[in-house]
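S.K.: The structure that follows is given in the form of structure tokens.
2 protein chains.
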Amino acid sequence: MTNSLTLFSPSGVVLKAAPVRRAAKRLQKLGFEVSLDESALARFQRFAGDDDARLAALHRVAEAAPSVALATRGGYGLTRLLDRIDWPLLARSIERGTRWVGYSDVTALQLGLLAHTKAESWAGPLAIDDFGKETDDQLDEITPEVFREAMSGELEAVGFRTEAGFDGLEAKGVLWGGNLTVLSALLGTPHWPKVRGGILFLEDVNEHPYRVERLLLQLQQAGVLQAQKAILLGHFSDWKKSPLDRGYGLKQMVEAVRAVCVTPILTGLPFGHVPTKLCLPVGRKVQLVVDRRDVFVGWEHSHPHEHEHHPECGCEHAHGH
Amino acid sequence: MTNSLTLFSPSGVVLKAAPVRRAAKRLQKLGFEVSLDESALARFQRFAGDDDARLAALHRVAEAAPSVALATRGGYGLTRLLDRIDWPLLARSIERGTRWVGYSDVTALQLGLLAHTKAESWAGPLAIDDFGKETDDQLDEITPEVFREAMSGELEAVGFRTEAGFDGLEAKGVLWGGNLTVLSALLGTPHWPKVRGGILFLEDVNEHPYRVERLLLQLQQAGVLQAQKAILLGHFSDWKKSPLDRGYGLKQMVEAVRAVCVTPILTGLPFGHVPTKLCLPVGRKVQLVVDRRDVFVGWEHSHPHEHEHHPECGCEHAHGH
Numbered sequence: 001m002t003n004s005l006t007l008f009s010p011s012g013v014v015l016k017a018a019p020v021r022r023a024a025k026r027l028q029k030l031g032f033e034v035s036l037d038e039s040a041l042a043r044f045q046r047f048a049g050d051d052d053a054r055l056a057a058l059h060r061v062a063e064a065a066p067s068v069a070l071a072t073r074g075g076y077g078l079t080r081l082l083d084r085i086d087w088p089l090l091a092r093s094i095e096r097g098t099r100w101v102g103y104s105d106v107t108a109l110q111l112g113l114l115a116h117t118k119a120e121s122w123a124g125p126l127a128i129d130d131f132g133k134e135t136d137d138q139l140d141e142i143t144p145e146v147f148r149e150a151m152s153g154e155l156e157a158v159g160f161r162t163e164a165g166f167d168g169l170e171a172k173g174v175l176w177g178g179n180l181t182v183l184s185a186l187l188g189t190p191h192w193p194k195v196r197g198g199i200l201f202l203e204d205v206n207e208h209p210y211r212v213e214r215l216l217l218q219l220q221q222a223g224v225l226q227a228q229k230a231i232l233l234g235h236f237s238d239w240k241k242s243p244l245d246r247g248y249g250l251k252q253m254v255e256a257v258r259a260v261c262v263t264p265i266l267t268g269l270p271f272g273h274v275p276t277k278l279c280l281p282v283g284r285k286v287q288l289v290v291d292r293r294d295v296f297v298g299w300e301h302s303h304p305h306e307h308e309h310h311p312e313c314g315c316e317h318a319h320g321h
Numbered sequence: 001m002t003n004s005l006t007l008f009s010p011s012g013v014v015l016k017a018a019p020v021r022r023a024a025k026r027l028q029k030l031g032f033e034v035s036l037d038e039s040a041l042a043r044f045q046r047f048a049g050d051d052d053a054r055l056a057a058l059h060r061v062a063e064a065a066p067s068v069a070l071a072t073r074g075g076y077g078l079t080r081l082l083d084r085i086d087w088p089l090l091a092r093s094i095e096r097g098t099r100w101v102g103y104s105d106v107t108a109l110q111l112g113l114l115a116h117t118k119a120e121s122w123a124g125p126l127a128i129d130d131f132g133k134e135t136d137d138q139l140d141e142i143t144p145e146v147f148r149e150a151m152s153g154e155l156e157a158v159g160f161r162t163e164a165g166f167d168g169l170e171a172k173g174v175l176w177g178g179n180l181t182v183l184s185a186l187l188g189t190p191h192w193p194k195v196r197g198g199i200l201f202l203e204d205v206n207e208h209p210y211r212v213e214r215l216l217l218q219l220q221q222a223g224v225l226q227a228q229k230a231i232l233l234g235h236f237s238d239w240k241k242s243p244l245d246r247g248y249g250l251k252q253m254v255e256a257v258r259a260v261c262v263t264p265i266l267t268g269l270p271f272g273h274v275p276t277k278l279c280l281p282v283g284r285k286v287q288l289v290v291d292r293r294d295v296f297v298g299w300e301h302s303h304p305h306e307h308e309h310h311p312e313c314g315c316e317h318a319h320g321h
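Protein sequences appear in the order of chains A and B. Quick note: the first sequence uses full-length UniProt numbering, first residue 1, plus one each step. Quick note: the second sequence uses full-length UniProt numbering, first residue 1, plus one each step.
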């Protein structure tokens, strides 16, 4: 059984090749047969190639259907492609076993896939951000191992600590979400996945809490938050305080949203523009259980490659839990 | 006929009273009887009073129905109030003759009004930004005079220069718009005005062109841009270049949006987070005419106070053109 992994660049330009090459080496050590799509180092303005080139890259990777399609980095660029992506082609690659992975701008791809085809993808690392550091000791201790487990099909649950007050909470629903700004920019478009009764996870970077609040209140006023069974907040990192804040910050923002939203909003999800990030199956039906302050999000193993198309591969880890 | 003007603070906290007092004096010199609503200098975290206080201020000003209701500043805050605003009460103040004025965060109020009641308001200056400077020579030469004309009912058209390529363009439709980020945050909510065949104006501040583009493409993908007869772009100011840009900037952004949008997109509108700003009647039916590079946006005088409810007031400027 191959364990092929293709690096591709659907969004922002990769300024230097070295981090991509370092990421490729580290991913090889992790057990993947790594190849670089020709898009990976392409350049056009602030994009990894012009729109046609990036669109072609997406479709080329989908046709090749590697085990893992991992984006090199985020930035901005997928929004431009959404109206032109061949979603069924991408969904067929997923039926053939491809796991599409990334976060940040890749949220647009993941949610578009969910909206158009209900196909599953993975919110998880990006090659440069999480595997491209100069030295090994700059790598996160958890992220690569969780990624390896998720890509092999071993990962069937993730856990984290949240605030007190949610002990006993249980919910089942479709897990979806990603970067809040990118997700919100799909609202009202054909690329918005109309998930009801889901479990929505969100993160963002460089956004002041009042900007996060504005988007969360938009989702609230649009009926999105109330339609979910739970909201999981990851990290909202790298925002700058202002003299205008006067005691307003992330905590006060979450309180303000909780005051108008009946859906439980849990903080503490290890996900976002931070070194330690879980892999989360976007579009998968999951079960959430809170025991005191411990949150478990579990799902049934259902890698379509193994179960639907090639049951004979009999990979042990698929049923090892 | 009184020319009363009330300063109120529906959004961000006013840290210092001095700019508000200077603005009040200058507005008095301009011919207004200025009063300060008790909200004007209220403080709660980064807001001008807590949500209940700011909501009460809006309703109090609406009940008093001054000739002009001018916000002190923008920032963030109206999003929190949208679900609780008594829109018919605000619309009644407008029927009684009140012109609600502001830009930036005030966009949420103006578009909510339009969505819920079709009532007209004015995109125009904010007290602190445009009348609160320390010395008179820091004031813009155009903004105060256009404001005075608009508030007196004299202003029946505005003009500006745009790029070549739109000579002969003519369009009639409802004028609407404001701050792009604030406007976009209404999409999908009950506060979104579903204007079709309109003339949409947009501005923003501190937003990199790729972020402006993402929101414009959201409006495009949501069918909003195509449903308009023209898009007028004001200033997109104070964004920081990045080493990642590689030749991508505002110009390239506009080109990218034009490539997918059939609606004419005209740049050069004097509006935004810049000193020189026009007053624009939000919700008013206007006529747009382009002669070579000169754009004219004109409307019929229709101050409801004078024409619908008190025709006997017979203010001369109303028919002076």
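From the three backbone atoms N, C-alpha and C, an ideal C-beta is built for every residue, glycine too. In this text the structure is predicted, and so the values were computed from the model without any measurement.
1) Would you mind working out which of B:ARG46, B:HIS116 and B:ALA150 sits nearest LEU70 (chain B), comparing C-alpha positions?
2) Judging by CA-CA distance, which residue of B:ILE265, B:VAL254, B:HIS235 and B:GLU207 is the nearest neighbour of ALA227 (chain B)?
3) From ALA18 (chain B) to LEU7 (chain B), what does the alpha carbon distance come to, in whole angstroms?
4) Out of curiosity, what's the CA-to-CA distance linking PRO311 (chain A) and PRO88 (chain A)?
5) With a cut-off of 8 Å on the beta carbons, I'd call GLY77 (chain A) and ARG54 (chain A) a contact; round off their distance for me.
6) Only counting the same chain, and skipping five residues up and downstream in sequence, which positions put a Cβ closer than 8 Å to that of GLU300 (chain A)?
7) If you draw a straight line from the C-alpha of ALA108 (chain A) to the C-alpha of GLY97 (chain B), how long is it?
8) Cβ closer than 9 Å: which chain A residues qualify as neighbours of THR72 (chain B)?
9) Compare the C-beta of ASP245 (chain B) with all C-beta atoms of chain A and state if any pair is closer than 9 Å.
10) Going by beta carbon distance, what residues of the same chain come within less than 6 Å of ASP130 (chain A), once the five residues before and after it are set aside?
11) Check this for me: beta carbons of LEU187 (chain A) and LEU288 (chain A), under 9 Å apart or not?
12) Between which two residues does the beta strand (DSSP E) containing GLY112 (chain B) stretch?
13) For THR2 (chain B), decide whether its Cβ has a neighbour in chain A, counting only Cβ atoms nearer than 9 Å.
14) Whose C-beta lies closer than 7 Å to the C-beta of LEU250 (chain A) among residues of the same chain, with five residues either side of it excluded?
15) Keeping to the same chain, check which residues put their C-beta closer than 8 Å to that of PHE201 (chain A); ignore five residues upstream and five downstream.
16) Starting from PRO144 (chain A), follow the alpha helix (DSSP H) in both directions and report where the run begins and ends.
17) Grouping DSSP H, G and I as helix and E and B as strand, with all else coil, what is ARG292 (chain B)?
18) Count the other CB atoms, across all protein chains shown, that sit within 10 Å of the CB of GLY12 (chain B); report buried if there are 16 or more and exposed otherwise.
19) In the DSSP assignment, what residue or residues form a beta bridge with GLN287 (chain B)?
20) Check the Cβ of ASP83 (chain B) against every Cβ in chain A and list those closer than 7 Å, keeping chain order.
21) THR189 (chain A) versus chain B: which residues are under 8 Å apart at the beta carbon?
22) I want to see whether chain B comes within less than 9 Å of ARG80 (chain A), judged by CB atoms only; does it?
23) Taking C-beta to C-beta, are ALA48 (chain A) and SER35 (chain A) nearer than 9 Å?
24) Compare the C-alpha of LEU113 (chain A) against each of A:VAL297, A:GLY283 and A:GLY298 and name the closest.
25) Using the Cα positions of GLY223 (chain B) and SER4 (chain A), report the straight-line distance between them to the nearest angstrom.
26) Taking the runs of the beta strand (DSSP E) that are 3 residues or longer, which of them lie wholly in the UniProt domain "LD-carboxypeptidase C-terminal" (172–288) of chain B?
27) Answer yes or no: does any C-beta atom of chain B fall closer than 9 Å to that of SER242 (chain A)?
28) Compute every distance between the C-beta of THR117 (chain A) and the non-hydrogen atoms of the ligand COA, then say whether any falls below 8 Å.
29) Between THR162 (chain A) and VAL257 (chain A), is the Cβ-Cβ spacing less than 9 Å?
30) Examine chain B for any beta-carbon lying closer than 9 Å to the beta-carbon of VAL260 (chain A), and answer yes or no.
31) Three-state secondary structure (DSSP) at LEU36 (chain B)?
32) For LEU232 (chain A), decide whether its Cβ has a neighbour in chain B, counting only Cβ atoms nearer than 9 Å.
33) Just the C-alpha distance for GLY132 (chain B) and LYS16 (chain A), rounded to the nearest angstrom, thanks.
34) Taking the alpha carbon of ILE128 (chain A) as the point to measure from, which residue in A:VAL212, A:SER152 and A:ASP140 has its own alpha carbon closest?
35) Check LEU5 (chain B) in the structure and name its three-state DSSP category.
M.R.: So, from the data block:
1) B:ALA150
2) B:ILE265
3) 14 Å
4) Per-residue confidence for PRO311 (chain A) stands at a pLDDT of 39, beneath the threshold of 50, marking its modelled position as unreliable; the derived number appears in the next sentence. Those two C-alpha atoms are separated by around 23 Å.
5) 6 Å
6) GLU156 and LYS285
7) 46 Å
8) Those do not exist, as THR72 (chain B) stays about 13 Å from chain A at its closest Cβ, beyond 9 Å.
9) yes
10) THR143
11) no
12) No beta strand (DSSP E) holds GLY112 (chain B); the alpha helix (DSSP H) holding it covers 107–117.
13) no
14) PRO209 and PHE236
15) ALA123, LEU175, TRP176, GLY177, GLY178, ILE231, LEU232, LEU233, GLY234, LEU269, PHE271 and LEU280
16) 143–152
17) coil
18) buried
19) B:LYS172 and B:GLY298
20) GLN221
21) GLN218, GLN221 and ALA222
22) yes
23) no
24) A:GLY283
25) 40 Å
26) 199–205, 230–237, 265–267 and 280–282
27) yes
28) Judged by which ligands are present, the structure shown has none, so any question about the ligand COA falls away.
29) no
30) yes
31) strand
32) no
33) 47 Å
34) A:ASP140
35) strand
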